[in-house]
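Residues in the sequence shown are numbered consecutively from 1, following full-length UniProt numbering. Beta carbons are placed, not taken as given, at the ideal position from N, Cα and C, and that holds for glycine. Accompanying notes for the structure given below.
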Amino acid sequence: MNPQTAEKLKDLKGVLRSDFYHGYATAATQVEGAWNVDGKGESIWDKFAHTPGKVKDGSTPDDAVLSYYKTKEDVALMRSYGVTGYRFSLSWTRIVPLGGKDDPVNEKGIEYYNGLIDELLANGITPFVTLFHWDIPQALEDRYGGMLDKDAYTPDFVRYAGVCFERFGDRVKHWITYNEPGVYTLAGYAAGVHAPARSSNRKLNEEGDSSTEPFIVGHTELVSHAYAVKLYREKYQPEQKGTIGITLHGNFSLPWDANDSLDVEAAQRALEFEIAWYADPVHKTGDYPASMRAQLGDRLPTFTPEESKLVLGSSDFYGMNSYTTFFVRHLKTPPHIDDHSGNVEKLDTNSEGVSRGPASDTYWLRTAPGGFRLLLNWIWKRYGVPIYITENGTTAKGETEPSESVLDDKFRIEFFEGYIESIGRAVKEDGVDIRSYFAWTFTDNWEWAAGYSDRFGVTFVDFESKEKKRYPKKSATVIKELFQLMIKPK
Ligand code: PNW
């Protein structure tokens, strides 16, 4: 960390709890590779990537960054980055290749994750395990339309979750059921740009209905999450004594014109459509926000009394993924049938021409640490449960080769300094309860439909090299130093 930063942050020394976890987050599809090795079944992302025209650079995650073969090397590198936790996801199709409740378990898949978990623990790194990071088995999609059929899908998901609790729960004490149910539904069923590639846009997708399916699938995620949590709490938690919850995405929204009450309301509505859609049922009311019901009517499913009771309180913590902030302006026209944002426009500058932040290499993502602190406060005030930050990070323009200047990744360093300072201030000055920080991400990886073009890693990966060679960027060291300063010594 440079001297100016050290001076600016010196009052944040020791403000984070001594048991605060910090480290990196990844997802199976984005890093593992070995897509059809050792009995792994096909996921919807394997199919999507093998369909020409779907991924920006035409790439596939067939090899990704080969982390399937690099457990020891990667854990050693992570350890050198000073981490105390690692958040990764399990590939459902590695564990139950065909996905269903009566389908066989693949012991080779179990072995791989046992090896990873044991290696982490041997190095003093606590595993945080996500059950579902977007890679549903293709077989379930083919059998009954995947999450569109809640009643068929839920027992399959719960059985898969049970296998994971049973086989890994003696060592894994931090479970996350779903990663970002909202991005899964909106990108996969509203925009149709992610697997399973459904939407109302017939130029892009053969099937789908953007005005209904995202809400149906979101409902399935919430209900099946709650049943998996019920299983864990009844059968495993008493003995295994772990925690379980769900991770939600959410950017912050600020009014485009802070003096226009309609924009102030629009910003609040945008937060409700993006975040409270999932967070209110789980953490507050057992039901969807009134603003969503008002706009969507019957297109938004209803919880049965039993579901509502089960969903409310079904997360031991608030799992938070957040990257950026937008300015939000109200629209004067009635909501479009395919609107999912609360009838607003999201903008890069506000009415006074102020920018939401410097642009990264990813179109939606700009550096906005101030909005991040405001969002931490918004979540804490509305939900009042401990916050585990499970993802946050950025790409940077021009990272094409592991040159000295690329590895000295100033843009990413500034991003992390700003956001991690916001965490310290939210804890120290605003009284927000924050328990973890997982940066996205450990190495450059396969960024879904963007392919290998968007590099989020604190480790540069030479994708051309056969062994996917890793080169640490300086941001990894800076993050380590920031937490050395801010976490209270044990
Ligand atoms: C997350 N947004 O997705 C995912 O959990 C990761 O797998 C992914 O690699 C990472 O963020 C970076 O994209 C998001 O538009 C995608 O606000 C889009 C948004 C947020 C998160």
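Option nearest residue i by Cα separation, candidates the options
i	options	result
Pro335	Asp361, Gly370, Ala294, Tyr363	Ala294
His174	Gln237, Glu207, Asp149	Gln237
Glu107	Lys150, Glu141, Gly41	Gly41
Leu254	Asp142, Arg373, Gly146	Arg373
Thr26	Trp35, Asp444, Gly14, Pro281	Asp444
Asp102	Ser67, Phe48, Phe157	Phe157
Val344	Gly457, Tyr278, His330, Leu296	His330
Glu421	Gly188, Val478, Glu401, Tyr112	Val478
Ser475	Phe48, Ile44, Ser80	Ser80
Lys480	Gly457, Phe456, Val83, Arg171	Val83
Leu148	Pro289, Ala368, Ser199, Arg167	Ser199
Thr400	Gly393, Phe463, Arg159	Phe463
Ile246	Phe48, Pro181, Glu206	Pro181
Val65	Phe483, Tyr471, Lys47, Glu404	Tyr471
Leu204	Val55, Ser291, Lys8	Val55
Asp74	Arg159, Asp62, Glu119, Lys47	Glu119
Arg269	Glu207, Tyr113, Gly342	Gly342
Trp134	Glu111, Ile117, Leu90, Ser453	Leu90
Glu404	Ala226, Thr5, Lys473, Arg143	Lys473
Glu447	Glu467, Phe483, Asp361	Asp361
residue 494	Gly53, Tyr113, Asn123, Lys8	This structure cannot settle anything about residue 494, because the visible part of the chain is limited to 1 through 490.
Distance CB(residue i)-CB(residue j) smaller than 9 Å
i	j	result
Tyr419	Phe20	no
Ala258	Ser351	yes
Gly23	Ile125	yes
Tyr86	Phe442	yes
Ile413	Ile423	no
Leu12	Leu347	no
Pro127	Phe88	yes
Gly99	Leu140	yes
Pro301	His219	yes
Gly451	Ser59	yes
Phe327	Val406	no
Thr333	Arg356	no
Ala197	Thr29	no
Leu222	Tyr278	yes
Phe273	Pro358	no
residue 491	Met320	The chain is shown from 1 up to 490; residue 491 falls before or after that span and cannot be answered.
Ile379	Ala195	no
Gln240	Gly169	yes
Ile110	Val172	no
Asp63	Ala34	yes
Phe252	Leu365	no
Val31	Ser67	yes
Leu271	Gly250	yes
Per DSSP, the bridge partner or partners of residue i
i	result
Ala25	Arg87
Arg346	Reading off the sequence, residue 346 comes out as Lys, not Arg. In the DSSP output, where bridge partners are listed per residue, Lys346 has Val328.
Ile176	Thr130, Gly245
Thr459	Pro472
Phe252	Thr325
Gly319	Thr247, Tyr388
Arg366	Ala359
Gly439	As written in the sequence, residue 439 is Ala, which differs from the Gly given in the question. Looking at the DSSP assignment, Ala439 forms a beta bridge with Tyr24.
Ser210	Its beta-bridge partners do not exist; DSSP assigns none.
Ile487	Leu16
Pro137	Ser43
Ile434	Ile387
Distance between beta carbons of residue j and residue i, contact taken as under 8 Å
i	j	result
Ser224	Tyr318	That belief does not hold up - the Cβ atoms of Ser224 and Tyr318 are roughly 19 Å apart, past 8 Å.
Pro214	Leu186	6 Å
Trp92	Pro155	The pair is not a contact, with the Cβ atoms about 14 Å apart (cut-off 8 Å).
Val432	Ala439	Going by Cβ atoms, the distance from Val432 to Ala439 rounds to 19 Å, so no, they are not a contact pair.
Val163	Tyr189	Not a contact, Cβ separation roughly 27 Å.
Val282	Ser315	5 Å
Ser211	Asp409	Not quite, the Cβ-Cβ distance comes to about 41 Å (not below 8 Å), so this is no contact.
Lys284	Tyr383	6 Å
Ser18	Ile487	7 Å
Gly393	Phe456	5 Å
Test: residue i CB closer than 9 Å to a CB of chain C
i	result
Val55	No chain C is part of this structure, which consists of one protein chain only.
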